[in-house]
Amino acid sequence: MTELSGVWSKDEIVAFFDRTAVPLRLACNTPSGRLWMVSLWYVFEDDTLCCATGASADIVGLLRTDSTVAFEISTNDPPYSGVRGNGTASVEPDPEKNLLRELLRRYLGGTDSRLARRLLSDDRTEVTIRIEPDRLHSWDFTRRMADAS
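Residues 116 to 264 in my numbering are what the sequence shown spells out, letter by letter.
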């Protein structure tokens, strides 16, 4: 069961995830005890945040060593709002690149671009990062920043 706090209900958080196509910022631990953060495209499915990345990305090895993560998804322009949380990540192969195709449609509108073709190339191995949230905290500064936008 995910612990919720902040200004939004679970349905409002899910609606925010569905309509907000900005990168998820994912933080994890390194073996030296330092923190590492990356930005990844995401989709929210079945109470799980799902991201795609190349199998050789540093984040993949780090998550296989320590699956504890923190994350944030927030708007980039005023008035700011978003969701932050923590949880556990797992890494799974995605040989057909199904999640990547879904994310390319969500973020770029399709798979017909040079970037999409490069990411979908046969020589690139793709994985799915699944984040099971333990806690989700929402905030919304719309009223506070009403005259800032």
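Glycine included, C-beta positions come from ideal geometry on N, C-alpha and C.
The structure displayed is predicted, hence computed values, not measured ones.
Residue of the options minimising C-alpha distance to residue i
i	options	result
P146	R199, G197, M116, T180	T180
F159	G169, D173, T135	T135
A204	A185, R258, P210	A185
C143	D237, D238, E187	E187
D173	V153, V137, T257, S196	V153
S124	L230, S253, R259	S253
Y195	V129, G202, M260	M260
P210	D238, A130, Y157, V137	D238
Integer Cβ distance of residue i from residue j, believed to fall under 8 Å
i	j	result
G169	E241	6 Å
L214	A167	5 Å
L150	P248	The Cβ separation is near 18 Å, so there is no contact.
L178	I244	7 Å
L268	L251	This structure leaves residue 268 out entirely; the chain is present only between 116 and 264.
Local Cβ density within 10 Å of residue i, reported as buried at 16 or more and exposed below that
i	result
D161	exposed
V122	exposed
G197	buried
G148	exposed
L218	buried
G202	buried
Rounded C-alpha distance that separates residue i from residue j
i	j	result
R246	T117	Checking the displayed sequence, the identity of residue 246 turns out to be Ile instead of Arg. If I take the Cα positions, the gap works out to 12 Å.
D255	R232	37 Å
T183	G200	11 Å
L235	R220	13 Å
L141	E207	17 Å
L155	T190	14 Å
L223	D133	15 Å
F57	R216	Since the displayed the chain opens at 116 and closes at 264, residue 57 lies outside it and no answer follows.
L257	P193	According to the sequence shown, residue 257 is Thr rather than Leu. Computed Cα separation, rounded: 8 Å.
Chain C contact for residue i (CB, 8 Å cutoff)
i	result
G121	Structure shown: chain C not included; a single protein chain is present.
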